[in-house]
Each structure stands twice: as structure tokens, then as C-alpha cells.
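Numbering (full-length UniProt numbering), first residue to last: 1 to 282.
If you want it as C-alpha cells, here you go:
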């Protein structure tokens with residue numbers, strides 16, 4: 001049933017979930033290099049308020065820089081994370097993944113650059129406006145014993161070819177994951193665009209379409225710093241899922257776009273997207 005079209009002001013939208021449910025959030029934090037009136041030192045308390053209220057099981061971030069993410073990590077009690085800057089080491093932005101360490105154990109992880117040389121740190125191709133990468137983690141759920149993968153990506157903002165090729169690389173990575181998997185991130189394009197078609201025709205399912213319940217309207221996730229959300233615009237931040245074999249089906253229970261703001265200030269120029277799923281629950 002559709003929600004009444006009003007912005008999310010009260011937190012949480014979802015909040016912490018108990019097993020066997022998994023709460024995943026994708027959040028483009030906007031780089032800490034932003035200037036007034038959207039400086040990181042002003043936005044940080046708002047971002048922290050959202051994360052502390054929602055307590056996602058897995059948090060996929062885009063654009064965060066190392067110092068910025070360290071600051072968030074200090075406020076996220078009980079979370080572990082994996083990070084690598086797209087320029088290598090702590091340099092530049094990243095596709096860092098955080099997780100609730102009391103619930104999930106990391107079993108493996110890797111980083112892939114979206115280029116013709118995916119193992120070459122800092123490589124790019126196809127007219128991309130900047131370096132683009134994907135980070136993935138394989139988790140074991142301590143509560144249920146089930147394994148699943150989560151991949152986090154940030155596709156290019158400038159080149160449609162880079163987005164299409166990047167989406168195909170994402171699909172290739174996801175196809176190598178045996179069992180359930182989630183792909184989340186900022187895709188810089190909306191449903192129906194080429195990147196979305198590549199992924200959904202390749203076997204992934206948009207969690208928004210699959211959700212049993214929408215907690216919000218389909219807000220445009222790129223808010224351009226406006227505090228009032230817009231319905232019917234581009235939802236460029238997605239969560240996609242794929243099921244595993246028998247007893248490993250992914251079921252999406254809820255999905256929503258979190259439009260919380262305070263003091264006439266948006267926490268980021270993107271609204272975070274959230275979903276709750278389970279594996280093998282009938």
C-alpha cells in the first residue's frame with residue numbers, strides 16, 4: 001500500500017531489525033570537500049542522526065573520504081568497515097561498506113575498478129569523468145548461519161558508455177557470487193535507463209519493485225540540497241537483489257527513501273535508500 005506523500009521528518013524510517021531480517025542502506029554522503037552552506041562540519045551531525053536512528057545491518061556509502069568516514073565510524077558503535085580510496089590507500093573517495101559486527105562476520109572482500117584493467121588501482125575508461133570502483137564483502141549472518149554478498153558501486157556521472165560498461169562489470173561480478181547477493185549504490189541514472197536495464201535483464205531485481213511494502217513514495221534520490229523531496233524525479237540510488245538456490249530466496253519486505261532533514265539543511269545532496277530483506281524466509 002502506498003504511503004501518504006509527505007517527507008520523512010521523524011526518525012527512524014525503519015530502525016534496527018532483528019534476525020532473520022537484514023536492513024541495508026545505500027547513502028551517497030557527499031564528499032567532505034563541500035563548501036558552505038553545505039560544509040561537512042554542519043552536515044555531519046545530521047548524517048550521524050540518521051545512521052544512529054536507522055542502525056542498518058549493512059551500510060553502503062559513496063563519495064566518503066577517509067577522514068570523513070573515520071569520523072562516522074567513531075559515532076557508529078559496534079560497526080566494522082572496509083575501505084579503499086579509488087586512487088589507492090586513503091586517497092580520494094571510496095565505496096566503503098560498514099556492517100553491524102555483532103550480527104555479521106566478513107568472510108571475504110575485494111575491490112574492482114570499473115575499467116578495462118579492473119585490478120589496476122586508479123584506472124578508468126570509456127570516457128568516465130573520474131575513477132569509478134566497486135567494493136564487495138561476503139558476510140556470514142551469525143544469527144541464521146546464512147551467507148550473502150553485498151556489493152557497493154558508484155557509476156559515472158558523465159559518460160553513458162561508462163555507466164553501461166560499469167553496469168555490465170557489476171553484473172559480471174554478481175554472477176560469480178554463489179547464493180544470495182545485494183548490489184547497492186549511486187548509479188547516476190534512473191530506472192529504465194541503460195544501466196538499470198543491463199542489471200535487471202541480467203537477473204537482478206530492483207528492491208523497490210520487489211518490496212512488499214513501500215514506506216515512502218518513490219522520491220527522487222538526488223535532492224540538489226533541497227529539503228522537500230520531489231516525487232516522480234530520478235531515483236538514481238538503488239538496491240538490487242538476487243536470490244540463490246533452494247532455501248536461499250531473497251524476499252524484500254520493505255523499501256523507502258529517507259528524506260529526513262533538520263534546520264532547513266539536507267544531510268547530503270542524496271537521500272539514502274533503505275530496504276529490509278530476508279533469505280530463505282517463506
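For glycine and all other residues, C-beta sits at the position ideal for the given N, C-alpha and C.
Every value quoted in this text rests on a predicted model; they were computed, and no experiment measured them.
For residue 273, name the three-state secondary structure that DSSP assigns.
-> strand
Return the first residue and the last residue of the beta strand (DSSP E) that residue 138 is part of.
-> 133-141
From the DSSP output, in three-state form, read off residue 106 for me.
-> strand
To the nearest angstrom, report how far apart residue 254 and residue 56 are at their CA atoms.
-> 13 Å
Who are the near neighbours of residue 150 in its chain, counting only those whose CB is closer than 6 Å to its CB and skipping five residues on each side?
-> 58, 137 and 182
Can you find at least 3 beta carbon pairs, one from the stretch 194-209 and one from the stretch 159-177, that sit closer than 8 Å?
-> yes
Nearest to residue 86 (by Cα), restricted to the options 78, 115 and 73 = 115
Would you please state the rounded distance, in angstroms, between the beta carbons of residue 227 and residue 268? I believe it to be under 8 Å.
-> With 8 Å as the limit, residue 227 and residue 268 do not qualify as a contact, their Cβ atoms being about 12 Å apart.
Taking residue 184 and residue 238 to be in contact with their CB atoms under 8 Å, please state how far apart those CB atoms are, rounded to whole angstroms.
-> 7 Å
If you compare alpha carbons, which of 16, 126, 10 and 24 is closest to residue 251?
-> 24
Short check: CB of residue 76 to CB of residue 51, under 8 Å?
-> yes
Beta-carbon spacing of residue 276, residue 248 below 8 Å | no
Any chance you could list the alpha helix (DSSP H) runs of at least 4 consecutive residues sitting entirely within the stretch 118-192, in chain order?
-> Segments of the alpha helix (DSSP H) lying fully in the stretch 118-192: 160-175.
On the DSSP bridge assignment, give the partners of residue 213 in chain order.
-> 254
Closer than 7 Å by C-beta to residue 225: which residues in its own chain qualify, once you throw out the five before and the five after it? Chain order, please.
-> Taken in chain order, the residues that qualify are 38, 266 and 269.
For residue 70, does the three-state DSSP call read helix, strand or coil?
-> helix
Just how far apart, CA to CA, sit residue 153 and residue 212?
-> 25 Å
Residue of 272, 245, 62 and 60 minimising C-alpha distance to residue 257 = 272
What residues are listed by DSSP as bridge partners for residue 85?
-> Answer is 94, bridged to residue 85.
Rounded Cβ spacing between residue 111 and residue 155 (contact assumed at less than 8 Å) = Wrong, their Cβ atoms sit about 15 Å apart, outside the cutoff.
Assigned secondary structure, residue 30 (DSSP; H/G/I helix, E/B strand, else coil) | coil
Could you pull out every residue in the same chain whose Cβ sits closer than 6 Å to the Cβ of residue 234, ignoring the five residues on either side in sequence?
-> 190 and 220
Kindly indicate which residue of 210, 33, 198 and 53 has the alpha-carbon position closest to the one of residue 14.
-> 53
Residue 61, enclosing beta strand (DSSP E) - first and last residue | Looking at the DSSP string, the run of the beta strand (DSSP E) that includes residue 61 is 58-62.
Assuming residue 192 contacts residue 158 (C-beta within less than 8 Å), just tell me the rounded distance between them.
-> 20 Å between Cβ atoms; not a contact.
When DSSP labels each residue in this structure, what does residue 46 get in the three-state scheme?
-> DSSP places residue 46 in helix when its eight states are reduced to three.
For residue 122, collect the residues of the same chain with a Cβ closer than 8 Å to its Cβ; drop the 5 residues on either side in sequence, then sort them by chain order.
-> 86, 87, 88, 113 and 131
State buried or exposed for residue 134, treating a residue as buried only when at least 16 other CB atoms are found within 10 Å of its CB.
-> The residue is buried, with at least 16 neighbouring Cβ atoms inside 10 Å.
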